[in-house]
Structures are given as structure tokens and as C-alpha cells.
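Right, one structure below, let's go through it.
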Amino acid sequence: MNQAIRNTWVVAIAMFALLFGSLTVVQFFEADDLNANDWNSRTLYKNFDKNRGAILVGGDPIVESVPSDDEFEYQRVYNEPELYAPITGFYSLVYSATQMEAAMNEELSGNSNDFFYDRILQLFSGSQVEGASVELTLDPELQQMAFDMIPDGMKGSIVVMEPDTGNILAMASKPSFDPNLLAGHNTEEVTSNMAELEEVAGLSPFTNPATQSLLAPGSVFKLVDTAAALESGEYDADSELDNPAELPLPGTNISLPNYVNGGCAARTTVDFSFALEQSCNTPFAQIAMDLGEDAIAEQARKFGFGEAYKIPIPVTASQFPTGMSDDLLAQAAIGQYDVRVTPLQVAMVSAAIANDGVLMKPNLVRTVRAPDLRVLDSPEPEELQRSLSAENAELIQQWMVNAVDRGIANGAAIPGVEVAGKTGTAELMAGSEGNNSWFTGFAPADDPEAVVSIVIEDVDLATGSQLTSPNAQKLLEAVLNK
Amino acid sequence: MSNITTVPKPRRNVELLLLILALAVGVGANFLVGLDQDQALDSDFFVQGSTLIFLVFAVHIVLRIRAKYADPIILPVVTAMNGLGLAMIHRIDIATGDQAANRQLLWTGMAIAVLIAVIWLLRDHRVLRRFTYISLIVSAVLLMLPLLPGIGMELNGARIWINLGFATFQPGEIAKITLAIFFAGYLSTNRDLILLAGKKLGPLQLPRWKDMGPMVVAWLVSIGVLIFQRDLGSSILFFGLFMAMIYIATSRVSWILIGLVMIAFGGFVAFKLFPHVTARIDGWLNAFDPEVYNRIGGSHQIVQGLFGLASGGLTGTGLGQGRPDLVTFANSDMIIAAMGEELGLIGLSAIVMLYVLLVSRGIRAALGTRDSFGKLLATGLSFTLALQCFVVIGGVTRLIPLTGLTTPFMAAGGSSLLANWLIIALLLLISDAARRPAMTGPISSGRPRQRGLARIKALGSKPAKNQDPHRTVEVKKP
């Protein structure tokens, strides 16, 4: 009988061994997966009980966590809500986190590996690990200026960036929203607030227009054509380009015209400088058809098209279509048809030209600091790729200066400073009267401190040109006066 | 039957030392719970702490007087578990605003009072052998009670409760013990017959048909509980208890095989026919299927429990720092998930080790005691504890389907607490018998002085050659 009792004990021990095994699987091996599960509100609750790190601009917190007296210990507060909303995003119980709140979540919540030792310490001290604070590269004055330049009720974005570092100095969009409406802990209220926000025309609270809206670039795309032409070796500064008033598109019975009232009509053959100054359409359409789709697409790729970035907020990949017939390629060459860019991508094209052909990775984070102010991370400028040779970049720089000095971009001129610029006007599809009005440029041309990219969507020509080049001039002047 | 001899020492002082340690764990945990919610040293803490201390010291003193050779480890282990359970229930009370911890304390007091009464009045577990068939009848009545209209009631889909007016009670918890007493009495009386008769089939010696009777009874009880009370956990428990006991009585693997075939058949039919069993299995296999997860009575509870365990990770969030209240039935069915969340894998492993220790001490008492009734009863009860842990913790960790069993000594619930403390009373008595000096009188008298019922039993058994009437000859397998 005793042997049977011992055997029974062995069975009992075997059952306990299985339990140790399954506990280890759940609490150790599968723990990360379970914690990341969408149904796991526990992770969310845990995060909302945490003193999440602040997001700072110019030393002042634009987002911070303050003690709360409801069911959670902290409430997220957005101090200049509309000004920064597209960049900070929101941190919501109902709608999760977006933009910077999502991209820097590990650091803000204190979960990143930088906090490993703090967490070990916490085991013994019982104190909570506080999140790191994130200082952005933005300049508060430039940001405010840019934000104010976009009239209320209009849709547009402005990006100001340092071409040699990729640091973003300003990134403003309208319409904007108040993230505080979505950060509340009352889920019913938050849900109804979101429903109201989604009613606002042109607003998507989940996306940042400057990095995630895809727009037709119009003539600013001619900078890509010019770079492609020079890089191909078949064109140079002295190349004579045909400039007919209208270019018949092969395989169709329509033709592609130059702008009727523009200065282009003055000459039938032009050089690059004149073509860019007056933004003539037909020379660039012809160049694109001569070089072929692949050459333009390859140059676009070198400027950063076709790739999504994390800066660390998400940047949507800009698109240059493939498999086009020549007539469509001709339209794509002047930034129409299915070419789609983000406002940031346009700034990147200018930045690569301004930085002597080297494209730097755009970046929004200056430093990440632990609560004890120890620097955990400060991203170094990162080179993405060479977009074009330094010589070709210098040629385009000079032509862009000419466009401001004596061309159609002269609204951006600053007395005593060489400003480089290129405008664009993209016609919208589906019978809309308005256009997307663009400006991109930089100053000073010989050693650029900042590039600017401005887009105002769906406006008439006159209003659009008033809101782009002159505003670029003010922004560049503000950077130079710092 | 052989027995393991130990040097007879009471070791009550060891128990006292371990008790202080166990109380430090239990009461300390309760203190930490309050500390983290800024409710340290409130009246709840003092009432709960001092009551627990008073109760277990009362048991300790009773053991010193009435059963001084009882195993010194069992009481401290159970005290630690009961204390941890109280602390966790108190902790969940703070989150939910309930008063479950005080109810649990009340039940702990009642359970310990019953334990003291049993130890004081029963003194020797062998008395229970007289109640073999009465136990069977009592078991049957207890199992029927919840099915009676008026008194029986259905909660959360299982009809296993009765309404006592002031509280609800699960008679099945007590039936577990009375069934164990019946099986132990029946099998210890009839084991020789069962053992010697029967045909051989290869290496297996098959039982005779008429000896299959009790197994059929056990099978019917299990299936009945499953069908009429819709309680899968208790059903598994009853059958496992019986299988373990008949194996110990006969040492025959053939019984186990027959039993497994029967339960596999019964289980398969139940899975096919009864929607509540099908739903349990489905919630286990497809826990992360959105449809199963969102279904009423689906896998929501088990998945939330897994989230709790996972968020605890290796070291746990610390007492009072997690969100165990997010799981349904956090303080009863899912208290293991709550423990795992706040104490981590390390803390939960320590708790499981306590169960291993308790079960092992129970088995040790079985090995040490001299009568086959005591051996069967102690092993049966210890194995029940092990099986219950396996079914509960295995269910919570999705090793097996989740059933509605409670975690012994920790889960909120009076009937379970009462029944498990009763089991401890019996194990303490059996261990006292096992460790008590075999001969208390002078050897020269030829027949040692015996106490109470032990004398009656000794008269019935055949004295062996070695002059120790407690010893019987081990029946060797042919």
C-alpha cells in the first residue's frame, strides 16, 4: 500500500510540475504578447496611472501629466493645444495614442530599455518609474508665426527645416483641434467629442497634414525634373530647351499649354534658369518624355519619394506613378496627374538642393531626458542619401535664386539676402475652381540656414500667391534674424 | 502494510516558530495592501490581523493538549495561505468597495472552530470508520440538496448552492470529505477481497464485476454532478478522488485504466450533449477567437486572467499596485490570477510550493499511519487538494479548461474554506496517529495500553509475529 501512496504522491508532484510549467509560460514566455494584446485594457490602465513624461518646446512643456483626482492618477494636459496638436497627437483612453504620444511612448512612459536599472531599483524602493521628457527641435516663435500665417477656415501646412541637420523648426497645419477634448477620462464625453471633431471639414484628428496628407505638387515638382535632367548628363546649364506655347501630347488630341498670362510666351527656346523663373510647362514635359519615366522616378526616389519615414512621427511615402504612357508622364512632370507629395517631402527636395545635394533625415526630437535630467538620447543628424551632385545642386540653387530675384517667386525676396525659391500651383481634380498653392525655398542661398515649404489647399490663384511667397519671406527673415 | 517509523517527538515548538513566520507573511501582506492604498493600519487591518493570530494560536494550543504529535508543518502552511488569501481579498475589497474580507474572516473563524471541535472531540480518526455507510448517505443527501426546490439555488449557471437564509453554502465541498470517508472505510474493509479475486489479462489483473460496484457509484456521482449541477470541476474532483483511493487500496493499474476509459467516455458524451461543457471546452481551445471572447460565458474571464498573470510577469506589480479587479470573480475563482499579477511568477511559485508542501505532509502522514483506513483517507484527502490546485491553476493558466473550483484556503468562499479546514483537521489527527509513539506502555506486558477506539481496532486485526499489534503483514503482490 505504501508504494501505491508514494506513486500517488509522484502523480501529485507531476501535476504541480505541470502547473509550474504553465505558469512560467504565461507569466514569462507569453507575457509580452499578452501585454500587447488589443483586448488588454490593463496596459492602458497602467499607463494612465503613470506620471508620463512631458513634451517640451523651447524649454516649456506643451504636453504634461498632472495629478488627477478621478479613477486614474494622472491627467494628460495639452498647454497650447491647437498650435501643436498635429505633432503631439493625443493620448486617449478610447482612441489610444497618436503622433508623438505614440511614437515616443516607450520613452514617455518610462518603459524603454534606458530605464532598465531604474526598474530594478523600483523593485526595492517601491517608487514608480517616471517617464522621460522629450524636447522637440521646434522653435516656439517660428511655430506660432507659421500657425498664424494660415488663415482660419483654410486648409494648409507649413514646414520649416534646417537643411544641414534635418531638424524641423516649425511644422504647422490648419484646421487643427484641441487634444484635451480626447484626453479626458470620461469615455462617453471623449467619444462624442471625437464625433464632433470628425464633422469639421478637412480635419482628421488622427493624422498630421504636414507629414501624412498627399497633395498634387504642381510646379514645385519641376525641381525634380531639373535634377533628373542634369544628373542624366544629357543636359547642362547651357542646354537650349524648346518652349512651345502648347505641347501636343502623344496618343491624344489634347495638348499641354504654358500658363497663358505668364512670361513664358516671350521666348520659344529657353534655358533652365528662364524655364524655372517663369515656371514654363512645356520644356519640362518634353524633358520628361525624352528622359523617360524611369529617370524621373529614380530622381524622385533619390529625393525621398516612395519611402515612409519615422521622424519619429510617421511620414507617409510620397508617390510618383509608374507605368505611364508619354502623355501622362508629361503631366506628371509638371506635378499633375497622380504625383502626390507630403508638405514635408517638398521641404526635403529643397533641403537636398540647399545642402549641396545631400538629403538629411528630417527629425523632430532634440533630446530625451530622464526625470533626473540625465540625457538618455539626443539624435545625431542622419544622412539619408545623396540626391544629386554638389555641382548640379549649386546650379539649381542659383536658378532658384533667379526665380525669386526676377521670376514669379519674387514675393519671397528679402533685401540684401539671396533667397532661393520655387512656386507651384496644382490644379485640383473633379471640377474644383481652386488650386493647391505651393512655395518652397531657402535662404541664404550660399549657406542655407532654413528651408521652407508652404502649401495652401484649394484656393484661388491670387489668394494662394499672397499666402505662400510673402509668408516664406517672413519665415526665412525670422530665421535669419535669430 | 509496512510503516515508516519516526522518532516520536512532538515538535510543537517548531510549529510555533513556523506559525510566527506564517503570520508574518499573512498579516504582513495585509499591511502592505493597506499601505499602498493609503489605508495602512486602519481598523480592518487590526481586526483581520488580530483575529487571524488569535485563531491560529488557539489551534496551536489545542494541538499541544490533544494531538501533540501532529505534523508541525501543516498548520503554519495553511495559516500562511489563509492569511495571503485574506490579504488579497481585502486588497480587492479596497478596489471594489466590497466587504468580502470580513466575511471571509468570519468563515475562517467558523472553520477553525469546527477544526478545534473535531480535534477535541474526535481525537482519533479511526472512529470515522464506523460511519462508512452513514457517510455515503450523508454524501448523497448533500449532493441532492442544491437540486431541491426552495432551498437549492443556481448561481452563474451551476446549481451547487443552497440558501441558508443568512448565507449561501456549497454542500458539495463537504460531500468531498464524506465521500472520502466512505471510500476509505469501504475499501479498507473490502480490499483483500477485491485484491485477490479477478481474472488476469496479460499483465493486468482485472477486477470482478461485483467489485466494480463502488466504481460505478463514483462514476454515477461524477456524471450526475456534471449533468444536474452543471459543475465540471467538482465532477472531475470526485472521480479523481475515487480513482486515487482505489489505486492505493489495490495497487492495481487496471483500475486506473478502466476508470480513465469510463471518464473519457463520460466526458466525450458530455462534451457532445451538454452545451455548458461544450462552451467550456470551446472557451479553452479558442480563447482568443473574438467570437468566443465576446460571447456571454465565453473566454472573457480566462483571457482577462491571463492578462493579469502576464502583467505581473516575473516579479509582480507589488501588492496593491496591479489591477486584479479587472477580472471577473477576482477574489474567488480567479484569485490565482490576482496573486500572480501582484506577486509575480516568483510569488505565485512560492504559493504553489506551499501546496506541494501541504500535500506532501498529508501523504507523509498516510505513509506513517498504521491503519489502512487512515492511509486511504489521508492520501485521498491530500490528493484531492493536489487535484483541486491542478484543476484551478491549470484552468486559470489555460493548461486545461477553466472550471468553477475554488483555490483551497485562498479563494473567497465559506463552504470551501470550511471544508478545507476540515480536511486539515483530519490530516492533523492522522499525522498525530502516525507520529505518536507506537508503544506507550511497558513492553513486558505483551500488549501495549491502547486508547479508545484504537483498542477495538487492534482486537480485530491479526497480531503479527513482531509483537506489535499495530503492525500487519504487508500483502506482497504475487
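If you read the sequences in order, they're chains E and F. Plus 43 on top of the position in the first sequence (first one is 1) and you've got my numbering. Plus 5 on top of the position in the second sequence (first one is 1) and you've got my numbering. From the three backbone atoms N, C-alpha and C, an ideal C-beta is built for every residue, glycine too.
Measuring only between beta-carbons, confirm whether residue 137 of chain E sits less than 8 Å from chain F.
The residue labelled residue 137 of chain E in the question sits at position 94 within the first sequence. With 8 Å as the cut-off, residue 137 of chain E does not count as an interface residue toward chain F.
What are the residues of the segment 335-359 of chain F that lie near chain E, defined by any Cβ-Cβ distance shorter than 8 Å?
345, 349, 350, 353, 354 and 357
Determine whether the beta carbon atoms of residue 364 of chain E and residue 381 of chain E lie at a separation below 8 Å.
Counted from its first residue, the first sequence places residue 364 of chain E at position 321. Counted from its first residue, the first sequence places residue 381 of chain E at position 338. Result yes, Cβ atoms of residue 364 of chain E and residue 381 of chain E sit closer than 8 Å.
Neighbour-count burial assignment, residue 453 of chain F, 16 or more Cβ in a 10 Å radius
On the second sequence, residue 453 of chain F is found 448 positions in, with the first residue counted as 1. Confidence in residue 453 of chain F is poor, its pLDDT being 45 and thus under 50, which makes the residue's placement too unreliable to answer from.
Within 8 Å, strictly: CB atoms of residue 185 of chain E and residue 523 of chain E
Against the first sequence, residue 185 of chain E aligns to sequence position 142. Against the first sequence, residue 523 of chain E aligns to sequence position 480. Not in contact: residue 185 of chain E and residue 523 of chain E (Cβ atoms no closer than 8 Å).
With 8 Å as the threshold, decide whether the Cβ of residue 42 of chain E is near any Cβ in chain F.
Residue 42 of chain E lies beyond the residue range present for chain E, which begins at 44 and ends at 525; the question has no answer from this structure.
So, is the C-beta of residue 418 of chain F closer than 8 Å to a C-beta in chain E?
On the second sequence, residue 418 of chain F is found 413 positions in, with the first residue counted as 1. Taking Cβ atoms only, chain E never reaches closer than 8 Å to residue 418 of chain F, which makes this a no.
Beta-carbon of residue 69 of chain E versus every beta-carbon of chain F: anything under 8 Å?
For the purposes of this step, residue 69 of chain E is identified with residue 26 of the first sequence, where counting begins at 1. Taking Cβ atoms only, chain F reaches closer than 8 Å to residue 69 of chain E, which makes this a yes.
To the nearest angstrom, how far is the alpha carbon of residue 203 of chain E from that of residue 101 of chain F?
Taking the first residue of the first sequence as 1, we reach residue 203 of chain E at position 160. Taking the first residue of the second sequence as 1, we reach residue 101 of chain F at position 96. Those two C-alpha atoms are separated by around 52 Å.
Taking Cβ positions, are residue 282 of chain F and residue 310 of chain F nearer each other than 8 Å?
Taking the second sequence and counting its residues from 1, the one referred to as residue 282 of chain F is at position 277. Taking the second sequence and counting its residues from 1, the one referred to as residue 310 of chain F is at position 305. Not a contact, by the Cβ cut-off of 8 Å.
Could you tell me how far apart the beta carbons of residue 400 of chain F and residue 407 of chain F are, in whole angstroms, since I believe they sit closer than 8 Å?
Position 395 of the second sequence holds residue 400 of chain F. Position 402 of the second sequence holds residue 407 of chain F. Residue 400 of chain F to residue 407 of chain F, Cβ: 4 Å. Contact.
Rounded to a whole number of angstroms, what is the C-alpha to C-alpha distance between residue 228 of chain F and residue 308 of chain F?
What you label residue 228 of chain F is simply residue 223 of the second sequence in a count that begins at 1. What you label residue 308 of chain F is simply residue 303 of the second sequence in a count that begins at 1. The alpha-carbon atoms of residue 228 of chain F and residue 308 of chain F are separated by roughly 28 Å.
N-terminal and C-terminal residue of the alpha helix (DSSP H) that residue 30 of chain E is part of
The displayed coordinates of chain E run from 44 to 525. Any statement about residue 30 of chain E would go beyond what the structure contains.
Rounded to a whole number of angstroms, what is the C-alpha to C-alpha distance between residue 346 of chain F and residue 335 of chain F?
As a working note, residue 346 of chain F is residue 341 in the second sequence. As a working note, residue 335 of chain F is residue 330 in the second sequence. For residue 346 of chain F and residue 335 of chain F, the distance between alpha carbons rounds to 11 Å.
Does the segment 102-116 of chain F come close enough to the segment 344-359 of chain F that 3 or more CB-CB pairs lie under 8 Å?
no
Could you name the residues of the segment 137-168 of chain F whose beta carbon sits closer than 7 Å to any beta carbon of chain E, in the order they occur along the chain?
none
Nearest candidate by alpha-carbon position, reference residue 140 of chain E, set E/372, E/278 and E/223
What you label residue 140 of chain E is simply residue 97 of the first sequence in a count that begins at 1. Checked all of E/372, E/278 and E/223; the closest Cα to residue 140 of chain E is E/223.
Here's the rule I'm using: 16 or more other beta-carbon atoms within 10 Å means buried, otherwise exposed. How should residue 236 of chain F be labelled?
Within the second sequence, the letter at position 231 stands for residue 236 of chain F. Buried, by the Cβ-count rule.
Ordered list of beta strand (DSSP E) runs contained in the segment 463-487 of chain E, each at least 3 residues:
463-470 and 478-486
Simplified DSSP assignment, three categories, for residue 169 of chain F:
If you number the second sequence from 1, residue 169 of chain F lands on position 164. Residue 169 of chain F falls in the coil class under three-state DSSP.
How about residue 430 of chain E and residue 395 of chain E: do their beta carbons lie closer than 8 Å?
Mapped onto the first sequence, residue 430 of chain E falls at position 387. Mapped onto the first sequence, residue 395 of chain E falls at position 352. Result yes, Cβ atoms of residue 430 of chain E and residue 395 of chain E sit closer than 8 Å.
Does residue 197 of chain E come out as helix, strand or coil in the three-state DSSP assignment?
Here residue 197 of chain E corresponds to residue number 154 of the first sequence, with the count starting at 1. In this structure, residue 197 of chain E counts as coil in the three-state DSSP scheme.
Proximal residues of chain E, C-beta to C-beta of residue 290 of chain F below 9 Å:
The residue labelled residue 290 of chain F in the question sits at position 285 within the second sequence. Residues of chain E passing the Cβ test: none, with the nearest at roughly 15 Å.
Note down, in chain order, every chain E residue with its Cβ under 7 Å from the Cβ of residue 308 of chain F.
Your numbering for residue 308 of chain F matches position 303 in the second sequence. By Cβ distance, chain E contributes 82.
Determine the direct distance from the alpha carbon of residue 396 of chain F to that of residue 58 of chain E, and round the result to whole angstroms.
Translated into the one-based positions of the first sequence, residue 58 of chain E becomes position 15. Translated into the one-based positions of the second sequence, residue 396 of chain F becomes position 391. Taking the straight line from one Cα to the other gives about 9 Å.
Members of the segment 21-44 of chain F that neighbour chain E once the beta carbon cut-off is set at 8 Å
none
Using CA coordinates, which residue listed in E/513, E/214 and E/501 is at the minimum distance from residue 197 of chain E?
Numbered from its first residue, the first sequence carries residue 197 of chain E at position 154. Minimum Cα distance to residue 197 of chain E is reached at E/501.
Beta carbon proximity, residue 89 of chain E to chain F, threshold 8 Å:
Here the question's residue 89 of chain E lines up with position 46 in the first sequence. Closer than 8 Å: yes.
Between which two residues does the alpha helix (DSSP H) containing residue 58 of chain E stretch?
Here residue 58 of chain E corresponds to residue number 15 of the first sequence, with the count starting at 1. Note, residue 58 of chain E: alpha helix (DSSP H), 45-67.
Nearest-angstrom Cα distance between residue 226 of chain F and residue 241 of chain F?
Stepping through the second sequence from its first residue, residue 226 of chain F is reached at position 221. Stepping through the second sequence from its first residue, residue 241 of chain F is reached at position 236. Roughly 10 Å between the two C-alpha positions.
Those runs of the alpha helix (DSSP H) which lie wholly inside the segment 279-321 of chain F and span at least 4 residues
280-290, 295-299 and 305-317
If you reduce the DSSP assignment to three classes, tell me which class residue 147 of chain E lands in.
The sequence position of residue 147 of chain E within the first sequence is 104, counting from 1. Coil, per DSSP.
Interface residues of chain E around residue 380 of chain F at Cβ under 7 Å?
Working through the second sequence from its first residue, we reach residue 380 of chain F at position 375. Neighbours of residue 380 of chain F on chain E, chain order: 44 and 48.
In the DSSP assignment, what are the bridge partners of residue 526 of chain E?
The requested residue 526 of chain E is not part of the displayed model; chain E covers only 44 to 525.
Alpha-carbon spacing of residue 230 of chain E relative to residue 143 of chain E, whole angstroms:
Against the first sequence, residue 230 of chain E aligns to sequence position 187. Against the first sequence, residue 143 of chain E aligns to sequence position 100. Distance between the alpha carbons of residue 230 of chain E and residue 143 of chain E: 22 Å.
Would residue 389 of chain F count as contacting chain E if we go by Cβ distances under 8 Å?
Stepping through the second sequence from its first residue, residue 389 of chain F is reached at position 384. By this cut-off, residue 389 of chain F is not an interface position.
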